[in-house]
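All remarks here apply to the structure that follows.
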């Protein structure tokens with residue numbers, strides 16, 4: 212896996228774990244930190260996908276790549292839909308608008 216993608220994924224997973232452990236007033240700040248790290252991860256993933264040669268032609272081709280399978284296996288279940296949605300946006304060459312983020 213690309214080092215930049217791996218580091219961003221690890222930060223996202225650590226922030227997810229922290230967010231799910233908090234049950235207090237600090238939860239909102241931890242959730243914001245998780246959300247930020249998730250989009251840093253997605254941006255790193257986008258850079259990696261756009262640099263692939265040859266580029267996957269379809270979302271199914273992208274999701275079949277070993278790296279994408281490894282990421283999907285490591286993500287907690289609640290994040291898989293968001294991950295797949297972002298992968299679809301990457302393949303459609305669309306950028307997410309901040310208001311379209313997952314709150």
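Residue numbers (my numbering): 212 to 314. C-beta atoms are modelled at their ideal positions from N, C-alpha and C, and glycine is treated no differently. Only a predicted model underlies this, so the values are computations on that prediction, with no experimental measurement involved.
* **residue 250 in three-state terms, based on DSSP** => In the chain shown, counting from the first residue as 1, residue 250 sits at position 39. Residue state, collapsed to three classes: helix.
* To do: Give me the Cα-Cα distance between residue 297 and residue 214, rounded to the nearest whole angstrom.
  => Along the chain shown, one-based indexing puts residue 297 at 86. Along the chain shown, one-based indexing puts residue 214 at 3. In a straight line, the C-alpha of residue 297 is about 20 Å away from that of residue 214.
* **Helix, strand or coil at residue 212 [DSSP, three-state]** => Within the chain shown, the letter at position 1 stands for residue 212. Residue 212: coil per DSSP, three-state reduction.
* Report yes if the CB atom of residue 278 is closer than 8 Å to the CB atom of residue 212, and no otherwise. => Position 67 of the chain shown holds residue 278. Position 1 of the chain shown holds residue 212. Yes. Within cutoff.
* Buried or exposed by the 16-neighbour rule on C-beta atoms within 10 Å, applied to residue 275 -> Locating residue 275 in the chain shown gives position 64, where the first residue counts as 1. The residue in question, residue 275, is exposed, as its Cβ has fewer than 16 Cβ neighbours within 10 Å.
* Asked: Which two residues bound the contiguous alpha helix (DSSP H) that contains residue 284?
  -> Residue mapping note: residue 284 aligns to position 73 of the chain shown, counting from 1. Where residue 284 is concerned, the enclosing alpha helix (DSSP H) stretches over 277-285.
* residue 226 classed as buried or exposed, judged by whether at least 16 other C-beta atoms fall within 10 angstroms -> The residue you call residue 226 lines up with position 15 of the chain shown. Buried is the call here.
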